[in-house]
Each structure stands twice: as structure tokens, then as C-alpha cells.
Ligand code: ZN
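Residue numbers (the numbering used here): 7 to 148.
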């Protein structure tokens, strides 16, 4: 397993980029909209892991709700696994509370699933499996 990315909730990606890109000096590799999750995403590599800036695209987006409650800040940590279904099966067996019982398509065409903070010490945990079809894996599995 590896840290895949750290998700940060922002009100506006463009404002957040003034710090992460312009002041700190990270590069932006991609921005995309993940309609299913109601977010726009910008990925900034820090070595192999990435900072994932999240901006809600609708009021009902989980990120919009997070911003309402807690304001901008760290939203989740994502761990990369080889087999997301096996990882979910193991967690379920161990009694962990899953937000996603089965994986869905996330940024870059990867498979993702969230584990509830109640089971992960207060941290929203995302599991990520890179798929051959996703452009993430082509770029990063080298
Ligand atoms: Zn994420």
C-alpha cells in the first residue's frame, strides 16, 4: 500500500492554487470534474503522492456539506491498494463501516471506495485501485 493522495476541501480551486501552485511551487497535472461525486478536482504531485484539491460543483456534494460544517481543510486520505474488492472484503470482515460497499469510478478512471471515519479514527479514508483503463495507471505505474 502507498499513500495515493490527500484530499483537501476548498471553496474555490483557483483560490487554493494561489497557495499550492503559486506560493509553494507545486505543478498541476490535471483538473477534471467527477460528476458522480459532485466535485471538480485538481491533482498536484508531491513526489509520488498527490495533493487533491476538491471544489464542490453542487450544493448536495459531500464536499459542499463538509465545507459547511468544518470549512476548508483536509477532507480525506487516500491509500492505493492492488485489489480494492479484496481490501473492502477484508475491512468488512473486520467489522469496519464502509461508505461504499463496492467500488465506483473516481478521478482518472480509477476505482475508489470510502471507509467511514467512525472506523478509521476520525479520518475519512479512500481506497484507490488504478485500472488499466484509467489514465492514472499509465502515467504512474512505471
Ligand atoms: Zn480522493
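The beta-carbon is built from N, C-alpha and C at its ideal position, and this holds for glycine as well. Quick caveat, the model's predicted, so the values are computed rather than measured.
- Taking the Cβ of residue 132 as the reference point, at least one heavy atom of the ligand ZN falls within a distance shorter than 6 Å.
- Per DSSP, reduced to three states, the secondary structure at residue 30 is coil, with no helix or strand assignment.
- With three or more CB-CB distances shorter than 8 Å, the segment 61-76 counts as touching the segment 11-21.
- Looking at the backbone, the Cα of residue 87 and that of residue 39 are separated by about 23 Å.
- Taking 6 Å as the cut-off, the C-beta of residue 13 counts as close to a heavy atom of the ligand ZN.
- Under the three-state reduction of DSSP, residue 91 is assigned to helix.
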